[in-house]
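Trainee: Residue numbers (the working numbering), protein chains in the order written: chain B, 177 to 516; chain G, 242 to 985. Glycine residues also receive a C-beta, built at the ideal position from the N, C-alpha and C atoms. A quick note: this is a predicted structure, and the numbers were derived from the prediction, not measured. Here you go, one structure.
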Ligand SMILES: Cc1cc2nc3c(=O)[nH]c(=O)nc-3n(C[C@H](O)[C@H](O)[C@H](O)COP(=O)(O)OP(=O)(O)OC[C@H]3O[C@@H](n4cnc5c(N)ncnc54)[C@H](O)[C@@H]3O)c2cc1C
Ligand code: SF4
């Protein structure tokens, strides 16, 4: 870890200005990812702009019936917020499926979107990694890639975005509010994270110096029929091998609207709108779900140690859609995925 | 005063309050004046040479005190024997910063010492080291043909016994047969506490090293030999340890480097390794096991072969007993056991909780399950039919063995009789597949030479000491119990001291022998003290014990009294006060009674029953119930013993389902070197665990009758889980851990 200076911003404009005036600086939210990366010398900022005093920790209703999640609200406060529990239980479940209570108490919503991949090689300076050091090569291709992606990968990077929260967000389709040196703007959630292409060092489409200030969830929360299914190597405190966020709107047994997003498979939370369209108008049956699952992984490509993810993703999609259709999940049922 | 019978009782840890209130001091927590901080720079390559170290660049940073590397270490002891510790295997021990050669990935290549930890860490991150890389080989798979039989260089290692009978012929002729290969990956000990050494410079070449270790004496003799120090000038202390599991059996390079820096700089130095560096030394080796079993029509074993190959470094022949247990756990006349190791470009493996047996019981106990199914027998019934009444490896009876009772009581507790044999035949209320599996093992009951000292003051406070260790197992507590009961004192009046080379000599804390060895020494020392007290009691005015012999009296409830008539008693404190002596002392050193032990095989045994549920679509496994029944002689403390076994079971579940250090052979480097990716079980993975002790009376193993409980509990756990997974799914997974992808 290199020496760095630290300042604490109390207004958004100050934070943006402070960051712009320090060339190698980073924003600091809960620090649960950034500080780790600094200890491993993967990130070497010389200045940190502390965000926790910004007035962005609130969660408030929007006039259009939606809900605004402040960028500095913690993952825990977000998950346990009454409106989130009752109207966006999918988000509640996804957040609670991630990390540990201690981490969720510190982690912020903005930081969650910005957390970096858990690809082993990204974290280890002894190995080449295009994401860490553009042009050095991708060690995961041909290496140990159990945690890597199967969809939307490129020749230069096969890493995944590790967040659980973001998988639910991909399904719920909020807009991301940002503030930067050139003013404020919003970004559709689906356009926020990007695929690696030949620039894997870029995780997302934020412009330099831009700060996330919040997320605006649309009114529709799929609170009746939803499922967040997370499969991992132990029952808690492990990143997803595969996760599925599913939301259905049913009329009788017919699917009126659907959302489907996957985690653990791609460089971004993987929402598949074609699959969603395939579901619409269909009966909520295992047969439908199987066809849709097959479509989602039709172009998937394994890289050796993660080949199993293709079959596992298919099965997880079917299971999650079934659970969503049965509508028997409850927001408080946080250990659902680990029940024996 | 209430009873002072403590042995066998579930006494709470006497060091519990110190630990939970933070007053227990660990190696990295001793504060000494004018301390400098060290940070290790580790090699990114697995093999090659250091060609240049740009030390001058970091020495230019204000506050960096020194950069140690092979370029500037002083000349130290020359011969390998000076670097051999008590449990060093055969070969040439690794010497940090000795020369330019890189022998394994993450090898320490430089030590930075600076005024602050942060600065040392930063300097380590910018130190430029140039290497000339050479081809490395880290894959055991490629070395199958290069395995060799190691010599018996390491303490405790026994080459497999000679074959008996004709196993090949018996196998050919038997009606039921199986053969298969079993694999498990490498594991690293990963205690919570990082390896750490605080060296206090006491002036004139004298030091005290507060070091994380399972053996202060071992570290002391290692350091004194290398650095040419007198024992009095090199005190080693470790009063608490945040877990060892074998990682602290050998002195680590952190201790060596910290002392090197302190002696060179004539200054106190602290060095703590990082979590990543916790993967840079010993580990449980990646092991390949081949088993070939045959059964007769009556379900008795006709033939048994067990061959193992595991990795070692290029410089030492690490050995552990993997296959020998297979020759003594079951009765079989035709047995062949083979054991080989192969050299790779990695650090030497290191004993990890139940070394060899934890691995060997995976191969043997899954093979026994496969054999039972091939013979159409219930796996427990199959074991009962092959119960060994004698240790056939050495052709001796067991000093005691209540494994049959473990089988019966464990099965009853688990409800094994309700098991249906066919794979996939049991389900739970949610429709998930249920599987029940069994496994078990056998472990050495060893006693080593140990010494202790006791002193009692006129106020009735007893202090007992021995240079043993407390790595979380409960040493402070059980030694206090033994001392309190022997002298009939309340446990609150007893202080036990350990982990200091100034105390009476004691062996390394490992091999499950601490209770037997140090416990016997404590008992014997307290008995010696008791005799002295008794003599004083007889001299008291109007002593009711005036005419008594030592055999006639007992120490209980703070009194010394006639066994036959408890009313004839004196209060211990009164004896001491009447004597006018401020303090009474005794010491004693106890050796195992070889004459008594020689005719017997001394072992502890266990059996584990495990229940899993499996989601057949998603491949997820949960271990919902475990019963571990253990025959390990006398249990000194039900509470700490049970805790040890709970920990063993949890670790066994990890071994079965998730725990593995993954090497990328392209880099010859372990890649999941952190707690986010090196998975051990979390609370949500753990459900019901039942521990049963079937006590054995055994005065052959040692006077206390204890066999040790630290390791036996791990045996067979991973196999029982893997067997349960087979029972649930019909899928036989032979390479552990059983992760999701292996069940799809
Ligand atoms: C051991 C471990 C296990 C974990 N397991 C899981 C898991 O299972 N599932 C899961 O989803 N997550 C998991 N996490 C990750 C955790 O969710 C993230 O670390 C956390 O969400 C990051 O939030 P933070 O506020 O701490 O971010 P920080 O560490 O403070 O910042 C992360 C990045 O975001 C940037 N940033 C922060 N806030 C803003 C902002 N407002 N605008 C712009 N940029 C910003 C920072 O500059 C930095 O680059 C785990 C983490 C650890 C350490
Ligand atoms: S997958 Fe991406 S993050 Fe991983 S090594 Fe390759 S380039 Fe780096």
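Given residue 596 of chain G, which residues of its chain have a CB within under 6 Å of its CB, disregarding the five upstream and five downstream residues?
Mentor: 561
Trainee: Nearest chain G C-beta to residue 303 of chain B closer than 8 Å, yes or no?
Mentor: It does; some Cβ of chain G falls within 8 Å.
Trainee: Could you pull out every residue in the same chain whose Cβ sits closer than 6 Å to the Cβ of residue 896 of chain G, ignoring the five residues on either side in sequence?
Mentor: 959
Trainee: Work out the CA separation of residue 449 of chain B and residue 316 of chain B for me, nearest whole Å.
Mentor: 29 Å
Trainee: Given 7 Å as the limit, tell me if residue 908 of chain G has its C-beta closer than that to any heavy atom belonging to ligand 2.
Mentor: No, the Cβ of residue 908 of chain G stays beyond 7 Å of every heavy atom of ligand 2.
Trainee: Using a C-beta cutoff of 8 Å, does residue 419 of chain B count as contacting chain G?
Mentor: Output row for residue 419 of chain B: interface = no.
Trainee: Taking C-beta pairs closer than 8 Å, name the residues in chain G that residue 217 of chain B reaches, listed in chain order.
Mentor: 366
Trainee: With respect to the alpha helix (DSSP H) encompassing residue 647 of chain G, which residues constitute its N-terminal and C-terminal limits?
Mentor: 644-655
Trainee: Taking contact to mean at least 3 C-beta pairs separated by less than 8 Å, is the region 871-881 of chain G in contact with the region 713-727 of chain G?
Mentor: They touch, by the three-pair rule.
Trainee: Listed from N- to C-terminal order along the chain, which residues in the region 434-465 of chain G have their beta-carbon within a distance smaller than 7 Å of any beta-carbon of chain B?
Mentor: none
Trainee: Would you mind reading off the limits of the beta strand (DSSP E) that contains residue 595 of chain G?
Mentor: Element bounds for residue 595 of chain G: n/a, residue is neither H nor E.
Trainee: Name, please, each residue of chain B whose Cβ falls closer than 7 Å to the Cβ of residue 980 of chain G.
Mentor: 409
Trainee: What residues in its chain sit with their C-beta under 6 Å from that of residue 386 of chain B, if we drop five residues either side in the sequence?
Mentor: Cβ within range, chain order: 354 and 356.
Trainee: With a threshold of 8 Å on Cβ separation, who are the neighbours of residue 814 of chain G within its own chain once the five nearest residues in sequence on each side are excluded?
Mentor: 699, 700, 701 and 799
Trainee: Could you check what DSSP says for residue 185 of chain B in three-state terms: helix, strand or coil?
Mentor: coil
Trainee: Which residue comes first and which comes last in the alpha helix (DSSP H) that contains residue 412 of chain G?
Mentor: 408-414
Trainee: Counting along the chain, where does the beta strand (DSSP E) carrying residue 528 of chain G start and finish?
Mentor: 528-536
Trainee: Alpha carbon to alpha carbon, how far is residue 795 of chain G from residue 817 of chain G?
Mentor: 16 Å
Trainee: Can you give the Cα-Cα distance for residue 509 of chain B and residue 269 of chain B, rounded to whole angstroms?
Mentor: In this predicted model, residue 509 of chain B has a pLDDT of only 40, less than 50, meaning its place in the structure is not dependable enough to derive any value.
Trainee: If the cut is a Cβ gap below 9 Å, which residues of chain G does residue 179 of chain B touch?
Mentor: Correct list: 359, 360 and 363.
Trainee: Less than 8 Å between the C-beta atoms of residue 904 of chain G and residue 980 of chain G, yes or no?
Mentor: no
Trainee: Out of curiosity, what's the CA-to-CA distance linking residue 406 of chain G and residue 624 of chain G?
Mentor: 21 Å
Trainee: Residues of chain G with CB closer than 7 Å to the CB of residue 541 of chain B, please, in chain order.
Mentor: Any question about residue 541 of chain B goes unanswered here, given that chain B covers just 177 to 516.
Trainee: Quick one: what's got a C-beta closer than 8 Å to residue 514 of chain B's C-beta in the same chain, skipping five residues either side?
Mentor: Any reading at residue 514 of chain B needs caution, since the residue's pLDDT is 46, under 50, leaving its predicted position unreliable; the model's value is listed next. Excluding residues within five positions, the ones whose Cβ falls inside 8 Å are 411 and 412.
Trainee: So residue 899 of chain G contacts chain B; which residues on that side make the cut at Cβ distance below 9 Å?
Mentor: Result: 409, 410 and 414.
Trainee: Among G/478, G/965 and G/821, whose alpha-carbon lies nearest the alpha-carbon of residue 668 of chain G?
Mentor: G/965
Trainee: Can you grab the Cα-Cα spacing for the pair residue 938 of chain G / residue 640 of chain G, in whole Å?
Mentor: The alpha-carbon of residue 938 of chain G is positioned some 9 Å away from that of residue 640 of chain G.
Trainee: With burial defined as no fewer than 16 other Cβ atoms inside 10 Å of the residue's Cβ, what is the status of residue 205 of chain B: buried or exposed?
Mentor: buried
Trainee: Taking the C-alpha atoms as reference points, what is the distance between residue 242 of chain G and residue 812 of chain G?
Mentor: At residue 242 of chain G, the pLDDT of 48 sits below 50, so the modelled position is not reliable; the number obtained from the coordinates is stated separately. Taken atom to atom, the span from the alpha-carbon of residue 242 of chain G to that of residue 812 of chain G is near 11 Å.
Trainee: Would you list the residues sitting across from residue 422 of chain B in a DSSP beta bridge?
Mentor: B/403 and B/436
Trainee: Would residue 296 of chain B pass as an interface residue toward chain G - the criterion being a Cβ-Cβ separation below 8 Å?
Mentor: yes
Trainee: Could you spell out the range, first to last residue, of the alpha helix (DSSP H) harbouring residue 490 of chain B?
Mentor: 484-502
Trainee: Of the residues B/332, B/493, B/414 and B/209, which one's Cα is nearest the Cα of residue 472 of chain B?
Mentor: B/493
Trainee: State the DSSP-derived secondary structure class of residue 736 of chain G, mapped to helix, strand or coil.
Mentor: Strand, per DSSP.
Trainee: Kindly examine ligand 2 and report whether one of its heavy atoms sits closer than 7 Å to the Cβ of residue 315 of chain B.
Mentor: yes
Trainee: I believe residue 337 of chain B touches residue 444 of chain B by the beta-carbon criterion, under 8 Å. Please report the beta-carbon distance rounded to the nearest angstrom.
Mentor: 5 Å
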